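Chains as they are written, first to last, in this note's numbering: chain A, 34 to 148; chain B, 2 to 114.
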Amino acid sequence: NAGVTQTPKFQVLKTGQSMTLQCAQDMNHEYMSWYRQDPGMGLRLIHYSVGAGITDQGEVPNGYNVSRSTTEDFPLRLLSAAPSQTSVYFCASSYFSGHLNTEAFFGQGTRLTVV
Amino acid sequence: QQQVKQSPQSLIVQKGGISIINCAYENTAFDYFPWYQQFPGKGPALLIAIRPDVSEKKEGRFTISFNKSAKQFSLHIMDSQPGDSATYFCAASKETSGSRLTFGEGTQLTVNP
Numbered sequence: 034n035a036g037v038t039q040t041p042k043f044q045v046l047k048t049g050q051s052m053t054l055q056c057a058q059d060m061n062h063e064y065m066s067w068y069r070q071d072p073g074m075g076l077r078l079i080h081y082s083v084g085a086g087i088t089d090q091g092e093v094p095n096g097y098n099v100s101r102s103t104t105e106d107f108p109l110r111l112l113s114a115a116p117s118q119t120s121v122y123f124c125a126s127s128y129f130s131g132h133l134n135t136e137a138f139f140g141q142g143t144r145l146t147v148v
Numbered sequence: 002q003q004q005v006k007q008s009p010q011s012l013i014v015q016k017g018g019i020s021i022i023n024c025a026y027e028n029t030a031f032d033y034f035p036w037y038q039q040f041p042g043k044g045p046a047l048l049i050a051i052r053p054d055v056s057e058k059k060e061g062r063f064t065i066s067f068n069k070s071a072k073q074f075s076l077h078i079m080d081s082q083p084g085d086s087a088t089y090f091c092a093a094s095k096e097t098s099g100s101r102l103t104f105g106e107g108t109q110l111t112v113n114p
């Protein structure tokens, strides 16, 4: 049972570099989201998707892009990394129940350091 | 601004004691309140969740108490064990939001043997 898989687990970037954080889920969940976790701030929503081809911004979207071409994958792109993007990034997925929230399943996280 | 405020930031409890973590929310449209447990190096995992049609929900040693008028909810861990040592996050969302969660700041719980 793979669940939500994130790669890489660790990454160091130089300021201005770009990279893509990968997220894949094998549960056929419609909803996928990206959060960043910073000390003392909990997890904050970056971007969100309700299905293939549909994305929306969360609380802290600046500096990040997403796309969702398949149900399984939801990559997060940093176009020009900044030190303020040093964080632990979590991808999550959940299924559509019709009208009630369902459990969000989280990946193991990607620890990103921008120097 | 933090729409969900959590306290305390850290908590140390003796084995067998009761751990209590509190959260307060601002948005009255929130109607789903989960608690997540996170171990070091892992992603958060759902522990227990409550909807505002009930004031309390219990699952084993874990209980959520919910006070809609005060816009507060809390997690009680009875008979706390060293294995409960983790970071706990409260969260809130609107049922129609598709599980878009607003998290509290987190509480680092340490249960001493």
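We treat Cβ as the ideally placed atom computed from N, Cα and C, and that holds for glycine.
The structure presented is a predicted model; accordingly, all values stated were derived computationally and were not measured.
Contact check, A:Thr146 vs A:Val45, beta carbons under 8 Å: What you label residue 146 of chain A is simply residue 113 of the first sequence in a count that begins at 1. What you label residue 45 of chain A is simply residue 12 of the first sequence in a count that begins at 1. Cβ atoms of A:Thr146 and A:Val45: closer than 8 Å.
Interface positions of the region 47-75 of chain B facing chain A (Cβ-Cβ less than 9 Å), listed along the chain: Leu47, Ala50 and Arg52
Residues from the region 67-80 of chain A in contact with chain B, defined by Cβ distance under 9 Å: Tyr68, Gln70, Pro72, Gly73, Met74, Gly75, Leu76, Arg77 and Leu78
CB contact below 8 Å: B:Ser20 versus chain A: The residue given as residue 20 of chain B occupies position 19 in the second sequence. No, no contact with chain A.
Cross-chain neighbours of B:Glu106 in chain A, by beta carbon under 8 Å: Reading the second sequence from its first residue, position 105 is the one you call residue 106 of chain B. Simply Gly73, Met74 and Gly75.
Euclidean distance between Cα positions of A:Arg101 and B:Val14: Along the first sequence, read from residue 1 onward, the residue named residue 101 of chain A stands at position 68. Along the second sequence, read from residue 1 onward, the residue named residue 14 of chain B stands at position 13. Answer to the nearest angstrom: the Cα atoms are 44 Å apart.
Stretch pair the region 60-68 of chain A + the region 125-135 of chain A: three plus CB contacts closer than 8 Å: yes
Stretch pair the region 66-86 of chain B + the region 21-29 of chain B: three plus CB contacts closer than 8 Å: yes
Exposed unless 16 or more other CB atoms sit within 10 angstroms - verdict on A:Thr53: For this step, residue 53 of chain A is matched to residue 20 along the first sequence. Classification of A:Thr53: exposed, given that the 10 Å Cβ count is below 16.
Bounding residues of the beta strand (DSSP E) (the contiguous stretch that carries A:Met29): Since the displayed chain A opens at 34 and closes at 148, residue 29 of chain A lies outside it and no answer follows.
Chain A residues whose Cβ lies nearer than 8 Å to that of B:Phe90: Taking the second sequence and counting its residues from 1, the one referred to as residue 90 of chain B is at position 89. Gly75 and Leu76, listed in chain order.
Under the three-state DSSP convention, the category A:Glu105 falls into: Within the first sequence, residue 105 of chain A is the residue found at index 72, counting from 1. Three-state DSSP puts A:Glu105 in coil, outside helix and strand.
Runs of beta strand (DSSP E) lying entirely within the region 24-52 of chain B, each at least 3 residues, in chain order: 34-39 and 46-51
Residue of B:Ala92, B:Ala87 and B:Lys95 minimising C-alpha distance to B:Ser11: If you number the second sequence from 1, residue 11 of chain B lands on position 10. Ranking the options by Cα distance to B:Ser11, first place goes to B:Ala87.
Exposure label - A:Phe43; buried when at least 16 CB within 10 Å: Counting from one through the first sequence, the residue named residue 43 of chain A turns up at place 10. Flag for A:Phe43 reads exposed.
Length of the line joining the Cα atoms of A:Gly140 and B:Gly17: Residue numbering aside, residue 140 of chain A sits at position 107 when the first sequence is read from its first letter. Residue numbering aside, residue 17 of chain B sits at position 16 when the second sequence is read from its first letter. Rounded to the nearest angstrom, the two C-alpha atoms are 31 Å apart.
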